[in-house]
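*Asks:* Sharing a structure, written as structure tokens. Questions coming.
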Amino acid sequence: MNRDVLRGLPELFGSERHADCEITFCWDASLPIAEGSAASEAVFGPPLPAHKVVLDLASEHFRNQFELWAPVSATAGGRPQLRIPLGNEAEVPAARAAIRFAYTGEVPAGSSVRQVLELRRLADYMQISDCVAACDEVLAAKLSGSRDAGASSHVEEEAPQQPPAVLELFESEVLWPDPQAEPSFGAVLVNGKRLLVAHFRNSLAALNTPSIAEQLLALPAVALEALLGSDEFGTDNEASVLLMLAEWMWTNRDKAEPAVRQRLCRTVRLALLSRPYLSLILPVLATDHEKDPEAPAGWFSGADVLEAATVANFASAAAREKERMLSAAEELPAVLESFKASPRPQCIPPSGGLTFSWHVPKEDLLQAVRQLQPGSVQDVYGSFDDQLQHGVFAWGFGWRVCLQLIGGQSTAGVYLNCVLPTALTPPGSRLSSEGALTRTTAVPISARLVVHRRQGAAVRDVKGTLSSPEDFVNDQQQQQQQQDAAAVAAVAAAAADPLAAWVEYLTDGKVSGTLTLLLPSS
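Each step along the sequence shown adds one to the number in numbering that gives the first Met the number 0, with nothing skipped, and position 46 is 45.
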């Protein structure tokens with residue numbers, strides 16, 4: 000095509016030059032409206048000058064309208080008028096962008112994922128040639144993190160995406176076409192699910208990274224279902240996956256219909272839960288649901304009480320017994336699916352484990368030392384450097400580091416404190432503070448607890464013994480069980496400097512160390 004034509008055609012969009020028709024955006028009369036509303040007469044904005052030759056060549060929809068026009072179908076100014084029905088005025092920018100594509104062959108620069116989906120939907124309605132395919136190409140580029148999509152003739156240079164494009168894709172589910180009917184978008188969605196898993200990585204990353212945890216709670220149900228249903232999503236144990244779901248339900252339960260909640264609950268591979276979850280958490284969740292499915296505590300609909308007991312029995316059975324139970328479970332599809340589920344990828348590195356840094360500020364330690372009386376106990380809880388107020392989540396529970404000082408003793412201890420997460424204790428639950436069911440239970444953990452000690456110019460580690468695994472007591476009173484705690488400091492009862500005995504452990508105004516999660520020994 001002539002270069003001047005190619006250069007001049009985009010300039011005609013919205014121009015009065017050579018315009019021989021115009022487009023009016025109006026209320027879609029097929030949509031329901033409130034009684035007495037004048038919405039059906041609404042026109043959104045001024046008419047858009049247009050050119051029949053461009054629209055005829057670019058759109059079968061407009062071509063058919065031109066053929067149906069009567070000779071008198073014109074505005075007061077003498078130009079024929081095309082009416083584009085829209086759901087509301089907010090759709091006008093996307094409609095204009097679709098018509099603009101007929102002139103330019105380009106998706107507007109800097110369009111968000113939602114804007115591209117809006118454009119795609121209206122371009123599909125108007126049958127703008129190549130626009131749907133171009134939108135899918137832009138979506139694919141955005142999901143891949145492309146900063147420069149210039150390799151495509153359909154795309155303009157675009158800015159970095161905030162928030163992450165894959166999150167925006169799932170937040171815009173209402174704009175999705177049917178992926179089964181439109182394979183090009185189906186491919187976009189398949190890639191989107193893969194990138195969603197890559198973004199959240201695994202249960203421990205999602206639970207223990209504040210920014211990612213915030214994004215998790217903001218996910219729509221369709222995204223959470225894709226995430227938890229993926230075979231590529233990693234975890235330390237399936238208990239942490241159930242905890243992720245509990246955290247989401249704590250915030251979003253009222254936004255999800257019962258059928259949606261059940262689908263989400265059934266993404267959890269129940270037979271792979273840890274012993275504490277199988278023997279305590281799961282039965283209580285099932286009981287709370289049967290008691291009142293609409294109550295805050297009744298959110299878990301993934302198994303009834305009988306199914307929960309069957310799953311727990313299967314998990315503890317010998318291999319031959321499991322084979323027989325698989326045959327007998329044909330009439331319980333949800334249970335059978337759980338029986339057959341494969342373990343997710345293990346997210347704790349086999350070499351070195353997964354390490355979190357913790358610290359106790361000097362001010363907190365000083366306050367505890369000053370309050371110490373002979374025979375009294377002062378617990379000083381550490382903070383994790385990643386602003387994890389709840390401690391570290393692992394194996395479906397919360398874990399906090401505690402320095403324990405006892406008046407009159409010459410040593411202090413380092414402990415791990417196991418905490419039942421708040422998301423598992425909604426009002427009315429038997430796991431809540433009102434209940435008496437969880438006074439004590441043993442929770443296994445494999446971890447290494449380290450305190451940093453300065454000796455001369457070097458900082459050395461004082462390490463606690465590895466658990467194999469050691470049991471920690473968990474209850475609503477947050478009783479503590481020592482993990483072979485290292486003796487970290489002599490406590491000088493009457494020193495002029497209350498923290499004199501801690502001098503080797505105070506670096507940069509804090510006592511610090513690490514908690515390393517390890518793979519459980521077989």
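Ideal Cβ placement from N, Cα and C applies to all residues, glycine included.
Assuming S183 and A132 are in contact, meaning their beta carbons sit under 8 Å apart, how far apart are those beta carbons, in whole angstroms?
*Replies:* Residue numbering aside, residue 183 sits at position 184 when the sequence shown is read from its first letter. Residue numbering aside, residue 132 sits at position 133 when the sequence shown is read from its first letter. Right, their Cβ atoms sit about 6 Å apart.
*Asks:* For I22, write down the residues that DSSP places opposite it in a beta bridge.
*Replies:* Along the sequence shown, one-based indexing puts residue 22 at 23. Paired residues: L47, L81.
*Asks:* For S210, which residues does DSSP report across the bridge?
*Replies:* Here the question's residue 210 lines up with position 211 in the sequence shown. Looking at the DSSP assignment, S210 forms no beta bridge with any residue, so it has no partner.
*Asks:* What does DSSP give as the partner residue(s) for N416 in the beta ladder?
*Replies:* As a first step, residue 416 must be located in the sequence shown, where it is residue number 417. According to DSSP, which records beta bridges pairwise, N416 is partnered with R399.
*Asks:* With 16 other CB atoms within 10 Å as the buried threshold, where does H17 fall?
*Replies:* As a first step, residue 17 must be located in the sequence shown, where it is residue number 18. With fewer than 16 other Cβ atoms within 10 Å, it is exposed.
*Asks:* In the segment 167 to 202, which residue ranges form an unbroken alpha helix (DSSP H) of at least 4 residues, counting only runs that do not cross its ends?
*Replies:* Runs of the alpha helix (DSSP H) inside the segment 167 to 202: 182 to 199.
*Asks:* Can you tell me which of the three DSSP states A393 falls into?
*Replies:* For the purposes of this step, residue 393 is taken as residue 394 along the sequence shown, with counting starting at 1. In this structure, A393 counts as strand in the three-state DSSP scheme.
*Asks:* Pick out whichever of S110, D378, N251 has its Cα sitting closest to the Cα of A367.
*Replies:* Residue 367 sits at position 368 when you count from the first residue of the sequence shown. The shortest Cα separation from A367 among S110, D378, N251 belongs to D378.
*Asks:* Tell me whether A140 sits in a helix, a strand or coil according to DSSP, three-state version.
*Replies:* Counted from its first residue, the sequence shown places residue 140 at position 141. A140 falls in the helix class under three-state DSSP.
*Asks:* Measuring straight from C-alpha to C-alpha, what distance separates A94 and A122?
*Replies:* Counting from 1 along the sequence shown, the entry for residue 94 is found at position 95. Counting from 1 along the sequence shown, the entry for residue 122 is found at position 123. Taking the straight line joining both Cα atoms gives about 7 Å.
*Asks:* Do the segment 258 to 266 and the segment 224 to 236 meet, that is, are 3 or more Cβ pairs less than 8 Å apart?
*Replies:* Contact holds: three or more Cβ-Cβ distances are below 8 Å.
*Asks:* Could you check how far apart the C-beta atoms of M248 and L206 are, in whole angstroms? I think they sit under 8 Å.
*Replies:* Position 249 of the sequence shown, counted from the first residue, corresponds to residue 248. Position 207 of the sequence shown, counted from the first residue, corresponds to residue 206. Not confirmed; about 14 Å, so no contact.
*Asks:* List the whole-angstrom C-beta distance separating S356 from S210, where the pair is believed to meet the contact cut-off of C-beta under 8 Å.
*Replies:* Translated into positions along the sequence shown, residue 356 becomes position 357. Translated into positions along the sequence shown, residue 210 becomes position 211. S356 to S210, Cβ: 17 Å. No contact.
*Asks:* To the nearest angstrom, how far is the alpha carbon of C417 from that of T513?
*Replies:* Indexing the sequence shown from 1 puts residue 417 at position 418. Indexing the sequence shown from 1 puts residue 513 at position 514. Straight-line Cα distance between these residues: approximately 16 Å.
*Asks:* F61 and L601 - do their beta-carbons sit closer together than 8 Å?
*Replies:* Outside the displayed span of the chain (0 to 521) sits residue 601, for which this structure offers no information.
*Asks:* Report back the beta-carbon spacing between G352 and L517 to the nearest angstrom; my notes put them in contact at under 8 Å.
*Replies:* In the sequence shown, residue 352 corresponds to position 353, counting from 1. In the sequence shown, residue 517 corresponds to position 518, counting from 1. Right, the Cβ-Cβ distance comes to about 4 Å (below 8 Å), so this counts as a contact.
*Asks:* Can you give me the Cβ contacts of L365 inside the same chain, cut-off strictly under 8 Å, excluding the 5 residues immediately before and after it?
*Replies:* Translated into positions along the sequence shown, residue 365 becomes position 366. P497, L498, listed in sequence order.
*Asks:* Assuming the contact rule is C-beta atoms closer than 8 Å, G228 and N201 should be a hit. Round their C-beta distance to whole Å, please.
*Replies:* For the purposes of this step, residue 228 is identified with residue 229 of the sequence shown, where counting begins at 1. For the purposes of this step, residue 201 is identified with residue 202 of the sequence shown, where counting begins at 1. Not quite, the Cβ-Cβ distance comes to about 15 Å (not below 8 Å), so this is no contact.
*Asks:* I need the straight-line Cα distance from E59 to R252, nearest angstrom please.
*Replies:* As a position in the sequence shown, residue 59 is number 60, starting the count at 1. As a position in the sequence shown, residue 252 is number 253, starting the count at 1. For E59 and R252, the distance between alpha carbons rounds to 45 Å.
*Asks:* Is it buried or exposed for D135, if we count other Cβ within 10 angstroms and need 16 for buried?
*Replies:* Reading the sequence shown from its first residue, position 136 is the one you call residue 135. Buried is the call here.
*Asks:* Can you tell me the Cβ-Cβ gap for A97 and I127, rounded? I've got them flagged as a contact below 8 Å.
*Replies:* By 1-based counting over the sequence shown, the position of residue 97 is 98. By 1-based counting over the sequence shown, the position of residue 127 is 128. With 8 Å as the limit, A97 and I127 qualify as a contact, their Cβ atoms being about 5 Å apart.
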